[in-house]
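As C-alpha cells, the structure follows; a few thoughts come after it.
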Amino acid sequence: MSEVAASVPKLVQYNSSGTLYSSNATITRITSEIFDVNIQSIILTLVAVFILSAVWSVLSIRNSNLPKGPWGFPVLGSFPMLTHYPELTLDKWARKFGSLYSVRLGNQLFAIVSDPGVAKDLMITQGAIFSNRKEMFMKSQIVFAGRGITATPYNDQWRKHRRIANTWLNQQAVDSYTRVLDFEATDMLQALYIDSKNGKVHINPQTYAGRCSLNNMLTITFGFRTDSIHHPMVAEALRLSRAFMNTTGPMSNSADFVPLLQWFPSPLKSRAKALHRDLMNTYGGLINDIEKKLQAGEKVDNCLAKTMLEVKKAEQLDHLDMSILASAFMIGGVETTASIMQWFTALIPAYPQIQKRAQEELDRVVGRSRLPTLEDEKNLPYCHAIIKEVERCHNPFWLGTPHTAMEDFVYQGKLIPKDTVVVLNTWTMHHSETRWDKPLEFNPDRYIDDSLPTSASANLADPYERDHWMFGAGRRICPGMIVAEREIWLAISRMLWAFDMVQISEKPIDLKEYDGMSGRSPVPFEILLKPRFDGVGEVLGKAMSGWKAEGLA
Ligand code: HEM
2 MSEVAASVPK LVQYNSSGTL YSSNATITRI TSEIFDVNIQ SIILTLVAVF
52 ILSAVWSVLS IRNSNLPKGP WGFPVLGSFP MLTHYPELTL DKWARKFGSL
102 YSVRLGNQLF AIVSDPGVAK DLMITQGAIF SNRKEMFMKS QIVFAGRGIT
152 ATPYNDQWRK HRRIANTWLN QQAVDSYTRV LDFEATDMLQ ALYIDSKNGK
202 VHINPQTYAG RCSLNNMLTI TFGFRTDSIH HPMVAEALRL SRAFMNTTGP
252 MSNSADFVPL LQWFPSPLKS RAKALHRDLM NTYGGLINDI EKKLQAGEKV
302 DNCLAKTMLE VKKAEQLDHL DMSILASAFM IGGVETTASI MQWFTALIPA
352 YPQIQKRAQE ELDRVVGRSR LPTLEDEKNL PYCHAIIKEV ERCHNPFWLG
402 TPHTAMEDFV YQGKLIPKDT VVVLNTWTMH HSETRWDKPL EFNPDRYIDD
452 SLPTSASANL ADPYERDHWM FGAGRRICPG MIVAEREIWL AISRMLWAFD
502 MVQISEKPID LKEYDGMSGR SPVPFEILLK PRFDGVGEVL GKAMSGWKAE
552 GLA
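Every position in the sequence shown, counted from 1, becomes a number in the working numbering once 1 is added.
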C-alpha cells in the first residue's frame, strides 16, 4: 500500500465537501481506506460469484435434458481446456459425447455440432431459429461497435447490411469484376517469379498471397489497389486483419463469457479498442476520402464504398455503419482467401508427386503458352481436387463463426435453450473416419469426382455429400464464397502451372502450429519456387502487357 501512496503525485485534490487535501500523509490514509474497502468487496464478490457459479454449473450440467458434455470448472467452465488447439479438444469430446454435446464457458452454454446431418437439421432446416449471433464482448461490442454484418444479431439491420454486401458479392457482381481477380493473380505470379530469381532465392509467399487478396478487396471495396508489396497499405491492412484474427476467437476470450472480467482493464481489451480505432481511421478514413471526391464531382470507380455513400440516406447508413461494413469486407475477404493460398504453398512442397500429376494435367489441358483460366477449371479435375483437399485439411475457421439459438429448441429429445451458442465443429466433420478414408492424410483423390464448386456443394440436399464446411452453413453462410473460390482457383492453378514448389531442407515447415485465434494462417515459412520451364517468364510478361493495354496494370 505504501508503494501506491508513494506513487500518488503531490497534486491538489478535493474531498466530497470541497476541502483541499495537500499532504501526502492524508492521501496515504485515504488511498489505503479506499483500497481496503475495494479489495474486501472485490474478494467478497469473487467468492460469491464463484460459489453461485459452481452451484449453477453443476445443476445445469446435471439437467439431463441438455445434450451431455464435459464437466467444467466453477466460473470459467471448460474454458481452461480450450486455450490451446481448441479444435482438438472439441474433437476428443465429440468422440466421447457424440455429434451434439454441450460445453459451458463462463456463463455461456455452447452446443457443439460435429456431424453434417445435425448441422443441416439445426442451422439450415431450422435457420429461422439458429441464425442469430451472440454479441461477443470483444468482437461485436468493442471491435465492431455493434455494427456491420458478421457480428450483428439476426435482425433487420443484418438483413439490410447483407443485402448491401450482396450487391458486390452475388454471381452477377463477381462476373463484372472477375477480370480484376484474373489480373491480380497474374500480378502475384509475376512478383513471385521475379523475386524468387529463377528458384535461387528462399521466398516466403505469404505476403504475396496477402497482397493479392488485399488488392482484390481494396478494388471491390474502395476502387483502388496497391502497386507492390512495399506499398504502406499492404503492411497496415494485413496487420489489421491479423490483429482481428488474434483478438476475436469464438471461444478464446474469457471476458466474452465471464461478464465480471469485462469491468477490468486487460491487454486484450486495450488491443480490441485500438483495433476498432485503427479500423475507423484506416477504412473509415478511406470512406471520408471517397465522399469528399464525390462531393467535389471527381470521378470515383464503382466500389462498395461508393454504393454505400449513394444509398446512405435511403438506407439510413451512418459513418460507423459504412466503416464497419467496409471493414468486414477487408477482414472477411483478405486473411481468409490468403490463408488458403498460404496453406497450399506451405504444404504442397512435401508432395512432389501430387505437383507432378497436377502439372501433367495442366500441360495436357492448358499447355505451356498461356495461363490457366476460370474456364479451364471444369477440365482440370485434379487441380480442382487439390484445392478442396487443402480446404478440408486447413480450414482457416475450424470453429466457424458461431450461431445462436433465438428460442428454446428440442432436438432428438435434448433441449437447446434460447441464447445457446451453436458451434460448427468443422475439424471433426472434416476428419470423420466414416466419411473419409485415412482423414489425416493429404489426398486430393478423395475429391477427384467432385466437380461442384463449394458454393454449389453447400446446396446439396444430402449434407453427407457436401465437400466441406469451410464457409459455414445456413442463412449466415459466407456471402463471399463465389469471389473467394475464383480468387483461390486463379492463384493456385497458376502457381502449379508456373512453379515446382520445393522444400528447403534446413528450414522445415511447421504445419501443426498456426497464427490466429479465429482465422488461422501458417506460421512464417520459406520455400523455393523453381520455374517449371523456360517460357514461364515470357508467358507472364505477355499476360501483364495485355493487362497494361487494358489499363489495369
Ligand atoms: C477462404 C475464404 C473464406 C472463408 C473460409 C470464409 C469463411 C466464412 C465463415 C465460416 C463465415 C461464417 C458463416 C456462418 O456463420 O455460418 C463467413 C461469413 C462472412 N464472410 Fe466469409 N469466408 C471467406 C471469404 C470471404 C470473402 C472473400 C468475403 C468478401 C467480402 C467474405 C465475407 C464474409 C461476410 C461479410 C460474412 C458475414 C456473413 C453474415 O454474418 O451474414 N468472406 N465467412
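Heads up, the beta-carbon is just placed ideally off N, CA and C, and yes, glycines get one too.
According to DSSP, residue pairing for residue 109 in a beta bridge involves 106. The alpha-carbon separation between residue 134 and residue 550 amounts to approximately 47 angstroms. Below 8 angstroms, too few C-beta pairs join the region 279–296 and the region 116–134 to call them touching: fewer than three. Short of 7 angstroms from the beta carbon of residue 537, and not among the five residues preceding or following it, lie these beta carbons of its own chain, in chain order: 194 and 499. In this structure, the alpha-carbon of residue 192 lies about 26 angstroms from that of residue 304. Unbroken alpha helix (DSSP H) runs of no fewer than 4 residues, entirely contained in the region 464–508, are found at 482–499, following chain order. In the assembly as shown, residue 441 is an exposed residue. Its beta-carbon has fewer than 16 other beta-carbons within 10 Å.
Of the candidates 215, 438 and 182, the residue whose Cα lies closest to the Cα of residue 232 is 215. Annotation for residue 330 indicates a beta carbon within 6 angstroms of some heavy atom of the ligand HEM. For the options 69, 106 and 96, the alpha carbon positioned closest to that of residue 78 is the one of 106. Here the distance from the Cβ of residue 333 to the nearest heavy atom of the ligand HEM is below 6 angstroms.
In the DSSP assignment, the residues bridged to residue 114 are 101 and 425.
For residue 411, the secondary structure class from DSSP, reduced to helix, strand or coil, is strand.
Proximity to residue 71 across 89, 88 and 97 peaks at 97, based on C-alpha coordinates.
Distances taken from the Cβ of residue 345 to the heavy atoms of the ligand HEM include none shorter than 6 angstroms. DSSP places residue 353 inside the alpha helix (DSSP H), whose first and last residues are 353–366.
When the beta-carbon positions are compared, residue 345 and residue 109 stay at least 7 angstroms from each other. In this structure, the C-beta of residue 485 approaches the ligand HEM to less than 6 angstroms from one of its heavy atoms.
DSSP, read as helix, strand or coil, puts residue 532 in strand. Ranking 443, 425, 465 and 485 by CA distance to the CA of residue 101 puts 425 first. DSSP, read as helix, strand or coil, puts residue 285 in helix.
Between residue 359 and residue 387, the C-beta spacing is below 7 angstroms. Closest option to residue 208, judged by alpha-carbon separation, among 181, 367, 540 and 527: 527. Proximity of the region 475–495 to the region 154–171 meets the contact definition, three or more beta-carbon pairs being nearer than 8 angstroms. Non-local C-beta neighbours of residue 248 in its own chain, meaning closer than 7 angstroms and more than five positions away in sequence, comprise 139, 144, 269, 272, 273 and 276, ordered along the chain. Rounded to the nearest whole angstrom, the CA to CA distance from residue 487 to residue 243 is 23 angstroms. DSSP, read as helix, strand or coil, puts residue 298 in coil.
Secondary structure at residue 516: strand, using DSSP grouped into helix, strand and coil.
For residue 541, the three-state secondary structure derived from DSSP is helix.
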